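Here's the structure we're looking at; comments come further down.
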Amino acid sequence: MMTGVATMSPICASVMAVFLPFRMHFARSFRSLLCAPTKRNRDRRSKTDPTKGDATMALETSLGNETKDDQLLLWILVWSELIAFGILILGFLVVSTYQIEAFDLARLHLRPGIAGANTLILLLSGYFVALAVRHRDDLSAVKRPLRLAAALGLCFVAVKLFEYGGELRFTTDATLGSFFELYFMITGFHLFHVFFGALALLLVAWRPAHENVRLVATLWHVIDLVWLVIFPILYLA
Numbered sequence: 539m540m541t542g543v544a545t546m547s548p549i550c551a552s553v554m555a556v557f558l559p560f561r562m563h564f565a566r567s568f569r570s571l572l573c574a575p576t577k578r579n580r581d582r583r584s585k586t587d588p589t590k591g592d593a594t595m596a597l598e599t600s601l602g603n604e605t606k607d608d609q610l611l612l613w614i615l616v617w618s619e620l621i622a623f624g625i626l627i628l629g630f631l632v633v634s635t636y637q638i639e640a641f642d643l644a645r646l647h648l649r650p651g652i653a654g655a656n657t658l659i660l661l662l663s664g665y666f667v668a669l670a671v672r673h674r675d676d677l678s679a680v681k682r683p684l685r686l687a688a689a690l691g692l693c694f695v696a697v698k699l700f701e702y703g704g705e706l707r708f709t710t711d712a713t714l715g716s717f718f719e720l721y722f723m724i725t726g727f728h729l730f731h732v733f734f735g736a737l738a739l740l741l742v743a744w745r746p747a748h749e750n751v752r753l754v755a756t757l758w759h760v761i762d763l764v765w766l767v768i769f770p771i772l773y774l775a
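For the sequence shown, the positions run 539 to 775 when the numbering used here is used.
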């Protein structure tokens with residue numbers, strides 16, 4: 539990773555130097571959110587008297603605390619994500635004030651029509667996630683909208699990778715390089731979120747639970763919101 543940063547322009551390398559610690563914090567928060575329920579279940583099994591056979595009572599007793607813990611981890615994750623994106627976007631805006639002509643020229647090589655279509659895809663996926671939340675009391679009814687949302691998320695990934703195919707060559711351009719380095723940092727980080735968010739949607743659809751539907755929906759809506767900020771800044775400014 540350090541080698542990759544060293545080959546960047548000095549300004550882009552500075553942005554990465556600030557961004558990476560938040561990226562690592564995001565990864566730790568995401569891992570904690572995934573692993574915490576498993577750890578709590580293991581701890582609960584170890585503390586429950588096997589002679590009583592009353593796992594249901596133990597589960598009901600600890601459910602309130604578990605929900606609060608999940609909510610705390612969720613918001614740590616969300617704010618870590620927003621701060622990381624904020625650093626990248628702020629870096630992009632600062633650099634753009636020093637390279638106005640180069641950034642305007644670079645935008646001519648983007649394809650806002652494809653990005654606009656991808657925006658509609660992501661918004662439609664958000665609609666299906668909201669539909670799943672609306673019906674989360676009937677777990678059998680949340681599977682289909684979650685799967686559709688995940689499929690649309692993976693469609694977003696495929697379209698974005700297709701778009702990348704015509705843009706990678708500009709990263710080595712002396713004039714356009716700074717724009718496209720930051721462009722790939724921002725959109726690539728977002729693409730990472732969309733891909734793993736789609737996998738999380740599929741996982742919850744496979745084994746739905748009331749609280750998990752709400753948690754994954756919150757994460758997905760944050761991903762949608764971030765793209766609605768990224769899209770006009772990169773493509774339309």
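We put the beta carbon where it would ideally sit given N, CA and C, even for glycine. Predicted, not measured: the structure shown is a model, and the values here were computed from it.
- Message: Under 8 angstroms, with one C-beta from each stretch per pair, do the region 646-659 and the region 699-713 reach the 3-pair mark?
- Response: yes
- Could you tell me if residue 610 is buried or exposed, where buried requires 16 or more neighbouring beta carbons within 10 angstroms of its beta carbon? exposed
- Query: On the three-state DSSP scale, how would you describe residue 774?
  - Reply: helix
- Item | Cα-Cα separation, residue 741 to residue 763 | 22 angstroms
- Message: According to DSSP, is residue 749 part of a helix, a strand, or is it coil?
- Response: In this structure, residue 749 counts as helix in the three-state DSSP scheme.
- residue 642 in three-state terms, based on DSSP: helix
- Should residue 776 go down as buried or exposed, given a rule of 16 or more other Cβ atoms within 10 Å for buried? In the structure as shown, the chain starts at 539 and stops at 775, and residue 776 therefore has no counterpart that could be examined.
- Message: On a Cα-Cα basis, can you pick out the residue from 636, 755, 731 and 640 that is closest to residue 620?
- Response: Selected option, being the one with the closest Cα: 731.
- Task: Specify the secondary structure class of residue 719 as computed by DSSP and reduced to three states.
- Result: helix
- Residue burial classification, residue 629 (beta-carbon count within 10 angstroms, cutoff 16): buried
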